[in-house]
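Participant:
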Amino acid sequence: MTILEIKNRLYIKNPHALIIDKIKKELEIINPKWLENHKMGRWNGKTKKTIKFFHIGKTGKISIPRGLTRHYIKFCIDKNINYQIEDKRLVSKDIDFQFKGQLRPFQKRAVHDLFSKDFGILNAPTGSGKTIMALNLIYLRKQPTLVIVHTRDLARQWINQGAKFLGLKEDEIGLIGSGKKTTGEKLTIGLVQSLINYKGDLLSRTGHLIVDECHRTPSKTFTKVVSAFSSKYLLGLSATPYRRDNLSMLIFWYLGELKHKIDKKNLIIRGDIIKAEIIFRPTEFTPFNDPVTNYSKMMTELASDNSRNTLISDDIAKVYKTSGGHILVLSDRKKHCENLQAILKFRHRLESHLFTGDLSEKKRKETLEAFISKKNNIIIATGQLIGEGFDLKTLETLFLATPITFSGRLTQYLGRVLRPAPGKSKALVYDYVDVHVNTLRKSAFLRSKIYDIDFSPSFFNDFW
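See below:
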């Protein structure tokens, strides 16, 4: 009899000959890197022609990524292979969480589908609330949870949201990475780079593993980390569960099948999110400092570039005078915010509100109240403040005054203007592309993937 042992991987003991043949055919693939080199006539050197995603031990036991469990159970049934399941996944004692959020109907449907299965993937578009749905699942699963992320910014967002929606204090949420190595009794956020050789107690008590932006999973780092945990529950989150390196199938091999997909068009039709119009604006900015070796100095140049700032302020003034509404201008630097505010005031005679990190809590509250009090208004803010209590559904226009490379931040910013509100029928996003700076041009291309836009016929043909 074939034994299917589910643990950190799927271990197959006494594998039937048909299973062995299937694994060898399905889980040994042509290396996309080797294929690319071959097509381009480049020397492959030590690049392996094929990659194996299975291991055969001395006793004949085979191990494969456990996301394929259901696939191979179905195969056994279809081929009348006699099999037995040994479930050795880790389940800890139930933990009581609070949940202080309110799910929308489409989010409830997604959570229902995901909760009915032990592991799988949620494919949900920007603005749909992937994080709050995952937090609701944490509440329902009642298991110590580890959330795997790939950047410090994303880790910080999870800590903020976990504290907000699960009734936890921020210091009760563990963090592995960024120089810290603390574990939370209920929830821990881990940077994948810091989990590669992790040997701590989370391995023996994490019953629920979540991988955010799971399209990163195919990297060797992610696959190694995910395969280290035997958690009963496994969840992958992504707005874009595909990869450009032709290894998209690994997302599902390691995290399970797609369990729920939220259709962006349906959300727009039902009014759950507002459709955004993305307006790309090329700039003539050409830095003195090399963006590769002196990125910070280059960004200082960008923040003070008069031509670029004038372009942005002219666009802001045009939107304000033609369509009005609540306008949010984002920059990574306080000085840049001040420069834009000054140009708006002296060039266009427009007043605006400054919302930067040096403001006291009282002043921040007063600034937001003053901004909301008028039907047409402009607020210029540093991006890091947008996740800290900044919840204005009436925002209609977003200006990205500095380039963004982190998809989590961009998703968060977009969420600010995509939210529906009474009387709100549109959302505009102005994105400034510094076409003469290769590094910043590439950043814009990455943002295009988050916007889910095909640029083929127009703007990018001129500059890329």
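According to our numbering, the stretch in the sequence shown is residues 169 to 632, in order.
Positions of the beta carbon are idealized from the N, C-alpha and C atoms, including for glycine.
Since we're looking at a predicted model, the values are computed, not measured.
1) Going by other Cβ atoms of all chains shown within 10 Å of its Cβ, with 16 needed for buried, is K354 buried or exposed?
2) Starting from the Cα of N248, find the closest Cα among A185, K348, N199, G375 and give me that residue.
3) Could you pull the DSSP bridge partners for K348 from this structure?
4) To the nearest angstrom, report how far apart V601 and R476 are at their CA atoms.
5) Near K285, which residues of its chain fall below 6 Å by C-beta distance, leaving aside the five closest residues on each side in sequence?
6) What does the Cβ neighbour count give for S528, buried or exposed, with the cut at 16 atoms within 10 Å?
7) Within a Cβ cutoff of 7 Å, which residues of the same chain sit near R633, ignoring the five residues on either side of it in sequence?
8) Helix, strand or coil for E204 per DSSP?
9) Nearest-angstrom Cα distance between I241 and T391?
10) Rounding to the nearest angstrom, what Cα-Cα distance links D246 and D500 in this structure?
11) Out of K432, R373, I437, S387, which has the shortest C-alpha to C-alpha gap to R411?
12) Could you pull the start and end residues of the alpha helix (DSSP H) that H633 belongs to?
13) Any idea what DSSP makes of P450, helix, strand or coil?
14) Are the beta-carbon atoms belonging to P571 and S541 less than 7 Å from one another?
15) Can you tell me the Cβ-Cβ gap for P200 and N414, rounded? I've got them flagged as a contact below 8 Å.
16) For L178, which three-state DSSP category applies?
17) Do P633 and R373 have their CB atoms nearer than 7 Å?
18) Looking at I436 and K443, is the spacing between their C-beta atoms short of 7 Å?
19) Less than 7 Å between the beta carbons of L596 and T565, yes or no?
Facilitator: On the basis of the data shown:
1) Within the sequence shown, the letter at position 186 stands for residue 354. K354 is buried by the Cβ-count criterion.
2) As a working mapping, residue 248 is identified with position 80 in the sequence shown. Checking every option, the nearest Cα to that of N248 belongs to A185.
3) As a first step, residue 348 is located in the sequence shown; it is residue number 180 there, counting from the start. Answer is G345.
4) As a working note, residue 601 is residue 433 in the sequence shown. As a working note, residue 476 is residue 308 in the sequence shown. Looking at the two C-alpha atoms, the distance is approximately 10 Å.
5) Counted from its first residue, the sequence shown places residue 285 at position 117. Only K427 meet the Cβ criterion.
6) Mapped onto the sequence shown, residue 528 falls at position 360. Exposed, because fewer than 16 other Cβ atoms sit within 10 Å of the Cβ of S528.
7) Given a span of 169 to 632 for the chain in the structure shown, any question on residue 633 remains unanswerable.
8) For the purposes of this step, residue 204 is identified with residue 36 of the sequence shown, where counting begins at 1. For E204, the secondary structure class from DSSP, reduced to helix, strand or coil, is helix.
9) Here the question's residue 241 lines up with position 73 in the sequence shown. Here the question's residue 391 lines up with position 223 in the sequence shown. Taking the straight line from one Cα to the other gives about 22 Å.
10) Start at 1 with the first residue of the sequence shown, and residue 246 comes out as number 78. Start at 1 with the first residue of the sequence shown, and residue 500 comes out as number 332. Roughly 56 Å between the two C-alpha positions.
11) The count along the sequence shown starts at 1 and reaches residue 411 at position 243. Residue S387 is the option with its Cα nearest to R411.
12) No answer is possible for residue 633: the residues shown for the chain start at 169 and end at 632.
13) Here residue 450 refers to the residue found at position 282 when the sequence shown is read from its first residue. DSSP places P450 in strand when its eight states are reduced to three.
14) One-based indexing of the sequence shown puts residue 571 at position 403. One-based indexing of the sequence shown puts residue 541 at position 373. No, they are not a contact pair.
15) Numbered from its first residue, the sequence shown carries residue 200 at position 32. Numbered from its first residue, the sequence shown carries residue 414 at position 246. With 8 Å as the limit, P200 and N414 qualify as a contact, their Cβ atoms being about 4 Å apart.
16) As a working mapping, residue 178 is identified with position 10 in the sequence shown. Three-state result, L178: strand.
17) This structure leaves residue 633 out entirely; the chain is present only between 169 and 632.
18) Sequence index remark: in the sequence shown, residue 443 carries index 275 (1-based). Sequence index remark: in the sequence shown, residue 436 carries index 268 (1-based). In contact: K443 and I436 (Cβ atoms closer than 7 Å).
19) Mapped onto the sequence shown, residue 596 falls at position 428. Mapped onto the sequence shown, residue 565 falls at position 397. Result yes, Cβ atoms of L596 and T565 sit closer than 7 Å.
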